[in-house]
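Peer 1: Just so we're aligned: the sequence shown equals residues 1229 to 1455 in this note's numbering. Just so it is clear, CB atoms sit at the ideal spot from N, CA and C, and this is done for glycine as well. A quick note: this is a predicted structure, and the numbers were derived from the prediction, not measured.
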Amino acid sequence: MSAGCAPLPTITAKVASPEPEKPGGTQVPAQPRLADRGKSAHRKRSWEVNMATAWGLRWGLSRTGTLLLAPPAHCARRALHKQEHAKQASSYIPLDRLSISYCRSSGPGGQNVNKVNSKAEVRFHLASADWIEEPVRQKIALTHKNKINKAGELVLTSESSRHQFRNLAECLQKIRDMIAKASQVPKEPSTEDARLQRLRIEKMNRERLRQKRLNSALKTSRRMTMD
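Pasting the structure below:
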């Protein structure tokens, strides 16, 4: 070695200690350290929190009709049903045509309900709602007349949650459900279905008359016994 050269560093290889052996001769796997187990549990909790937050955000956006990414269809039949449902009734609801207000709620939330206006109330004039078809409006007016006030406004409320956003989304979903149900066209029964329905009605009438005759005979026998 020359005088001007520095000595090379010594590299020491770290040899892992062999795993302990059982009395029978088989090796026992090394147990993870407490620090590693703590990190694994922390990562698992963080993953669960992130997934819950993501699904909560997806739920909130989908309830207000502003879903950015459509949820995956778990089966083809369910996806087809959703497409048919979307064709029957549009999910577009103009928020500028709605009167939205908040008030104190009596639902869950503890002392929070005494401080925050979490109950959502949505109303709109049904007769002038041109974003809903006229036959659908007429059917809604007949089936939900108890939700229409004297001014002709359809009033919907929700206090199922302690959050304003979720209660508002619930009210909007109620409007969508009303429109979808009123938009459904009744299916014409087939000849076989009509025949079966007629037979059921005739059988029910015969049973009703038979019970009526039995009750009449029972009352007559009671009068004869008393006499």
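Given a threshold of 16 other Cβ atoms within 10 Å of its Cβ, counted over all protein chains shown, does Ala-1379 qualify as buried or as exposed?
Peer 2: The sequence position of residue 1379 within the sequence shown is 151, counting from 1. With fewer than 16 Cβ atoms within 10 Å of its Cβ, Ala-1379 is classed as exposed.
Peer 1: Taking a contact to mean a Cβ-Cβ separation below 8 Å, would you say Ile-1407 touches Val-1364 in this structure?
Peer 2: The residue you call residue 1407 lines up with position 179 of the sequence shown. The residue you call residue 1364 lines up with position 136 of the sequence shown. Yes.
Peer 1: Could you pull out every residue in the same chain whose Cβ sits closer than 8 Å to the Cβ of Glu-1398, ignoring the five residues on either side in sequence?
Peer 2: In the sequence shown, residue 1398 corresponds to position 170, counting from 1. Excluding residues within five positions, the ones whose Cβ falls inside 8 Å are Arg-1291, Ala-1348, Ser-1386, Ser-1388 and Ser-1389.
Peer 1: Could you pull the DSSP bridge partners for Lys-1347 from this structure?
Peer 2: Here residue 1347 is taken as the residue at index 119 of the sequence shown, counted from 1. Lys-1347 is bridged to Cys-1331.
Peer 1: Who are Thr-1385's beta bridge partners in DSSP?
Peer 2: Position 157 of the sequence shown, counted from the start, is the residue given in the question as residue 1385. Per DSSP, Glu-1349.
Peer 1: State the DSSP-derived secondary structure class of Ile-1368, mapped to helix, strand or coil.
Peer 2: Sequence index remark: in the sequence shown, residue 1368 carries index 140 (1-based). DSSP, reduced to helix, strand and coil, places Ile-1368 within a helical segment of the structure shown.
Peer 1: Just curious, the alpha helix (DSSP H) that Leu-1400 is in, first and last residue?
Peer 2: Stepping through the sequence shown from its first residue, residue 1400 is reached at position 172. That run of the alpha helix (DSSP H) goes 1392-1411.
Peer 1: Can you name, in chain order, every residue of its own chain whose Cβ lies under 7 Å from the Cβ of Leu-1442, other than the five neighbours on each side?
Peer 2: Stepping through the sequence shown from its first residue, residue 1442 is reached at position 214. Within the same chain, Leu-1442 has no close Cβ partners at all.
Peer 1: In the structure shown, what three-state DSSP assignment does Ile-1429 receive?
Peer 2: Along the sequence shown, one-based indexing puts residue 1429 at 201. The answer is helix: DSSP assigns Ile-1429 an H, G or I state.
Peer 1: One question on the structure: do Asn-1377 and Ser-1346 come within less than 8 Å of each other, judged by their Cβ atoms?
Peer 2: As a working note, residue 1377 is residue 149 in the sequence shown. As a working note, residue 1346 is residue 118 in the sequence shown. Result no, Cβ atoms of Asn-1377 and Ser-1346 do not sit closer than 8 Å.
Peer 1: With distances taken Cα to Cα, identify the nearest neighbour of Leu-1382 among Arg-1325, Met-1432, Ser-1444 and Thr-1448.
Peer 2: Mapped onto the sequence shown, residue 1382 falls at position 154. Closest by alpha carbon: Arg-1325.
Peer 1: What does the Cβ neighbour count give for Val-1350, buried or exposed, with the cut at 16 atoms within 10 Å?
Peer 2: In the sequence shown, residue 1350 corresponds to position 122, counting from 1. So Val-1350 counts as buried.
Peer 1: Anyone know if the C-beta pair for Leu-1384 and Lys-1375 falls short of 8 Å?
Peer 2: Position 156 of the sequence shown holds residue 1384. Position 147 of the sequence shown holds residue 1375. A contact, by the Cβ cut-off of 8 Å.
Peer 1: Measuring straight from C-alpha to C-alpha, what distance separates Asp-1421 and Ile-1429?
Peer 2: Here residue 1421 refers to the residue found at position 193 of the sequence shown. Here residue 1429 refers to the residue found at position 201 of the sequence shown. Taking the straight line from one Cα to the other gives about 12 Å.
Peer 1: Could you give the distance in angstroms between the alpha-carbon of Leu-1400 and the alpha-carbon of Gln-1425?
Peer 2: Counting from one through the sequence shown, the residue named residue 1400 turns up at place 172. Counting from one through the sequence shown, the residue named residue 1425 turns up at place 197. Cα-Cα distance, rounded: 38 Å.
Peer 1: According to the neighbour-count rule (16 or more other Cβ atoms, all chains shown, within 10 Å of its Cβ), is Ala-1357 buried or exposed?
Peer 2: Here the question's residue 1357 lines up with position 129 in the sequence shown. Flag for Ala-1357 reads buried.
Peer 1: Report the rounded CA-to-CA distance for Ile-1321 versus Asp-1405, giving the unit in angstroms.
Peer 2: To locate residue 1321, count along the sequence shown from 1; it is residue 93. To locate residue 1405, count along the sequence shown from 1; it is residue 177. Looking at the two C-alpha atoms, the distance is approximately 12 Å.
Peer 1: Should Ser-1329 go down as buried or exposed, given a rule of 16 or more other Cβ atoms within 10 Å for buried?
Peer 2: As a working mapping, residue 1329 is identified with position 101 in the sequence shown. Classification of Ser-1329: exposed, given that the 10 Å Cβ count is below 16.
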